[in-house]
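Comments concern the structure below.
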Amino acid sequence: MLFANFIDLFLDSAPWLLLGLFLAGMLKMFVPMEWMQKQLGGHGFKTTVKAAILGAPLPLCSCGVIPAAVGLRRSGASKAATTSFLVSTPETGIDSVAVSYVLLGPFMAIARPIAAVASAIVAGLLVGRD
Numbered sequence: 002m003l004f005a006n007f008i009d010l011f012l013d014s015a016p017w018l019l020l021g022l023f024l025a026g027m028l029k030m031f032v033p034m035e036w037m038q039k040q041l042g043g044h045g046f047k048t049t050v051k052a053a054i055l056g057a058p059l060p061l062c063s064c065g066v067i068p069a070a071v072g073l074r075r076s077g078a079s080k081a082a083t084t085s086f087l088v089s090t091p092e093t094g095i096d097s098v099a100v101s102y103v104l105l106g107p108f109m110a111i112a113r114p115i116a117a118v119a120s121a122i123v124a125g126l127l128v129g130r131d
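So the sequence shown is numbered by my numbering: it starts at 2 and just counts up by one.
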């Protein structure tokens, strides 16, 4: 019974997960890290929001985002922008949104990235307050 449910869940979500991973790979291939560092090199509210929005669709997990954030910080990104990037990136990605759509429905597939970006902006602004 448990194994049959697992197989059904796997078969329902597998095509969407493959689609999401394919799209995430395309993002990784066509969005160079140098461009990202240029966009987040300043200080203030605008860069914090940009960091949350640019970090959200990237296909980085909680382990992979640490080196990327260190690179951003070393290239001149503010603490607030780096924190915003650190929070938004592993919370959601194209692959997880696709799986959320299949497993949780369209409302949660839309609400989840919005909540991720909002929480990342709040975290970045709180860090930027000093």
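Even glycine gets a Cβ: it sits at the ideal position worked out from N, Cα and C.
Euclidean distance between Cα positions of Ser63 and Pro107
The residue labelled residue 63 in the question sits at position 62 within the sequence shown. The residue labelled residue 107 in the question sits at position 106 within the sequence shown. When rounded, the distance between both Cα atoms is 25 angstroms.
Going by CA-CA distance only, name the one from Val118, Val123, Asp13, Ala69 that's closest to Glu92.
Here residue 92 corresponds to residue number 91 of the sequence shown, with the count starting at 1. When each option's Cα is compared against that of Glu92, the closest is Val118.
Give me the Cα-Cα distance between Glu35 and Ser120, rounded to the nearest whole angstrom.
Here residue 35 refers to the residue found at position 34 of the sequence shown. Here residue 120 refers to the residue found at position 119 of the sequence shown. Each residue's alpha carbon lies about 25 angstroms from the other.
Neighbourhood of Phe4 by C-beta distance below 6 angstroms, restricted to the same chain and skipping five residues each side:
By one-based count along the sequence shown, residue 4 stands at place 3. Only residues of its own chain outside the window of five on either side were considered, and among them none has a CB closer than 6 angstroms to the CB of Phe4.
Using the C-alpha atoms, what's the distance from Gly42 back to Ile122?
The residue you call residue 122 lines up with position 121 of the sequence shown. The residue you call residue 42 lines up with position 41 of the sequence shown. Computed Cα separation, rounded: 16 angstroms.
Please report how far the alpha carbon of Val50 lies from the alpha carbon of Ala57, in whole angstroms.
Translated into positions along the sequence shown, residue 50 becomes position 49. Translated into positions along the sequence shown, residue 57 becomes position 56. Answer to the nearest angstrom: the Cα atoms are 11 angstroms apart.
What does a CB cutoff of less than 7 angstroms around Gly129 pick up in its chain, not counting 5 residues either side in sequence?
In the sequence shown, the residue the question calls residue 129 occupies position 128. Once the five neighbours on either side are set aside, the close Cβ partners of Gly129 are Thr49, Ser79, Lys80, Ala81.
Would the beta-carbon of Ala53 fall within 8 angstroms of that of Ser85?
As a working mapping, residue 53 is identified with position 52 in the sequence shown. As a working mapping, residue 85 is identified with position 84 in the sequence shown. Between Ala53 and Ser85, the C-beta gap is smaller than 8 angstroms, which places the two residues in contact.
Could you check the C-alpha separation between Leu9 and Leu19 for me, to the nearest Å?
Stepping through the sequence shown from its first residue, residue 9 is reached at position 8. Stepping through the sequence shown from its first residue, residue 19 is reached at position 18. Looking at the sequence shown, residue 9 is not Leu but Asp. Going by the C-alpha atoms only, they are around 16 angstroms apart.
Coil, strand or helix - Val32 by DSSP
Looking up residue 32 in the sequence shown gives position 31. Taken through DSSP and simplified to helix, strand or coil, Val32 comes out as coil.
Sub-8 angstroms separation of Thr90 and Val71 beta-carbons:
Taking the first residue of the sequence shown as position 1, residue 90 is located at position 89. Taking the first residue of the sequence shown as position 1, residue 71 is located at position 70. No; because the gap between Cβ atoms is not below 8 angstroms, this pair is not in contact.
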